[in-house]
Amino acid sequence: MRDDVVAVILNWNCADDTIRCLRAVASGSTVPEIVVVDNGSQDDSIAKLEQIDDSFSLVPLDRNYGFAGGMNAGIREAHSRGAKWVWLLNADAVPRTDALSALLEHSDQFAVSASLQTSSDRPEDTDAEPYLVAAMLPNGRVRPFVCPGCDEGAHEVDVVTGAAMFVGVDWAMRVGLFDERFFHYKEEFDLVTRIGDAGGRVGLVCSSEVWHQRGGSLKLSSPRAQYYHYRNEVLYVRKHYARPFVRLLNEPIHYKTVTTSVLQVAVGGRERRSRSLAVLAGYWDGLRGIHGATERF
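For reference, each letter of the sequence shown is one residue, going 363 to 659 in this note's numbering.
So this is what it looks like as structure tokens:
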């Protein structure tokens with residue numbers, strides 16, 4: 363077991379997924395210390411986690427602090443243990459056997475990196491498809507980066523996100539951890555951007571693979587997910603650009619999204635109307651600077 367790496371798995375009402383992830387980490391070719399942060403679960407998660415014999419530490423929180431707050435608790439725990447690296451994993455992720463070993467092979471290159479992440483119906487599927495977790499940011503505009511398959515094993519990029527991020531603990535502490543105002547979505551993008559701005563290199567380690575269910579914690583098409591996604595896009599722009607409203611007005615995708623949502627509210631079915639109202643509320647709250655958790659949807 364490597365004591366310079368702590369794997370943090372964030373649990374929220376999903377103990378079965380968390381246990382699957384924990385056991386995948388523990389069966390890897392390189393095994394870190396494992397910490398499970400329970401983000402104020404309201405089901406029987408704590409009881410299930412306390413009943414298993416696997417080696418890990420449980421950090422229970424008194425309420426749901428969102429992805430940012432939960433992972434911050436894990437990073438602080440890793441820091442208190444003197445760890446050099448923290449491996450941040452969604453509960454519905456399943457790292458492949460050599461995933462951590464590959465990340466460590468490139469740890470001298472990057473302050474923060476992400477594994478190649480794939481998704482399918484089941485983690486054992488051999489035809490799982492990669493999805494987007496890395497991008498370049500020329501002039502601040504997001505340009506997706508996808509490794510087409512290579513022998514290099516890693517690529518320097520401008521930003522990474524996703525369900526499996528490998529972060530230097532000192533870098534995370536230096537820039538102030540995740541911004542908990544985002545609560546859910548965009549917080550990884552923000553943290554990695556700040557690490558990059560502070561001089562840390564960012565990498566996609568395509569030789570490391572992690573399967574991810576996607577949407578396991580919050581269904582991507584749900585009104586609440588739509589709200590957080592669009593609100594936090596606006597909050598991110600407000601935070602990182604000197605003229606945020608000009609920036610938003612110069613992005614045609616926002617006009618398209620708002621126009622489509624207005625039309626769906628007028629003529630769409632019940633589900634589409636609900637999602638569209640959440641999108642419009644997200645934009646409105648983002649423009650007003652509203653942050654944190656919502657119970658509106």
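Each residue gets a CB set at the ideal place from its N, CA and C atoms; glycine is no exception.
Terminal residues of the continuous beta strand (DSSP E) containing Ser419?
-> Taken as a continuous stretch (DSSP letters only), the beta strand (DSSP E) holding Ser419 covers 419–422.
Best match in Arg593, Ala640, Ile381, Ala560 for proximity to Ser584 [C-alpha to C-alpha] | The shortest C-alpha separation from Ser584 is found at Ala640.
Can you tell me the Cα-Cα spacing of Ile652 and Thr621, whole angstroms?
-> Between the alpha carbons of Ile652 and Thr621 lies a gap of roughly 22 Å.
If I'm right that Ala516 touches Cys568 with Cβ under 8 Å, what's the distance once you round it to whole angstroms?
-> Distance from Ala516 to Cys568 at the Cβ level is roughly 7 Å; contact confirmed, criterion being Cβ atoms closer than 8 Å.
Return the residue from the list Thr619, His574, Pro614 that minimises the CA-CA distance to His591.
-> When C-alpha distances from His591 are compared across Thr619, His574, Pro614, the shortest belongs to Thr619.
Can the beta-carbon of Glu550 be found closer than 7 Å to that of Thr523?
-> Cβ atoms of Glu550 and Thr523: closer than 7 Å.
Closest Cα partner of Glu412 within the set Ala377, Val537, Gly538 | Of the listed residues, the one whose Cα sits closest to Glu412 is Ala377.
Nearest to Ile381 by CA position, among Leu420, Leu649, Leu610, is which residue?
-> It is Leu420.
Cα-Cα separation, Gln404 to Arg586 | If I take the Cα positions, the gap works out to 18 Å.
Go to Thr488, then tell me how far its beta strand (DSSP E) extends in each direction, as first and last residue.
-> Neither: Thr488 is in no beta strand (DSSP E) and is coded neither H nor E.
According to DSSP, what are the bridge partners of Thr480?
-> Note: Thr480 sits in a beta bridge opposite Pro492, Trp573.
Pick out whichever of Glu633, His602, His441, Pro510 has its Cα sitting closest to the Cα of Val554.
-> Ranking Glu633, His602, His441, Pro510 by Cα distance to Val554 puts His602 first.
Report the residue ranges of all beta strand (DSSP E) runs contained in full by the segment 398–471; include only those spanning at least 3 residues, in chain order.
-> Within the segment 398–471, the complete beta strand (DSSP E) runs of at least 3 residues fall at 419–422, 447–452, 455–457.
Pro394 versus Ser407, Trp374, Ala369, Met498, residue with shortest Cα-Cα distance | Of the listed residues, the one whose Cα sits closest to Pro394 is Ala369.
In the structure shown, what three-state DSSP assignment does Gly390 receive?
-> Coil at Gly390, not helix or strand.
Check Glu613 in the structure and name its three-state DSSP category.
-> In the structure shown, Glu613 sits in coil (DSSP, three-state: anything other than H, G, I, E or B).
Cβ of Asn401 within 7 Å of Cβ of Leu384?
-> For Asn401 and Leu384, no; Cβs fall outside 7 Å.
What whole-angstrom Cβ distance do Ala453 and Asn373 have, given they're in contact under 8 Å?
-> Right, their Cβ atoms sit about 5 Å apart.
May I have the straight-line CA-CA distance separating Ser539 from Glu633, to the nearest angstrom?
-> One point to set straight first is that residue 539 is Leu, not Ser, in the sequence displayed. Going by the C-alpha atoms only, they are around 36 Å apart.
Proximity to Asn501 [Cα-Cα], best of Val572, Arg609, Tyr598 = Ranking Val572, Arg609, Tyr598 by CA distance to the CA of Asn501 puts Arg609 first.
Beta strand (DSSP E) segment containing Pro506, residue limits | From DSSP, the beta strand (DSSP E) with Pro506 extends over 505–507.
If you draw a straight line from the alpha carbon of Met498 to that of Glu571, how long is it in whole angstroms?
-> Rounded to whole angstroms, Met498 to Glu571 spans 20 Å at the Cα level.
Nearest to Arg543 (by Cα), restricted to the options Ile557, Val398, Glu595, Thr480 | Arg543 has its Cα closest to that of Glu595, out of Ile557, Val398, Glu595, Thr480.
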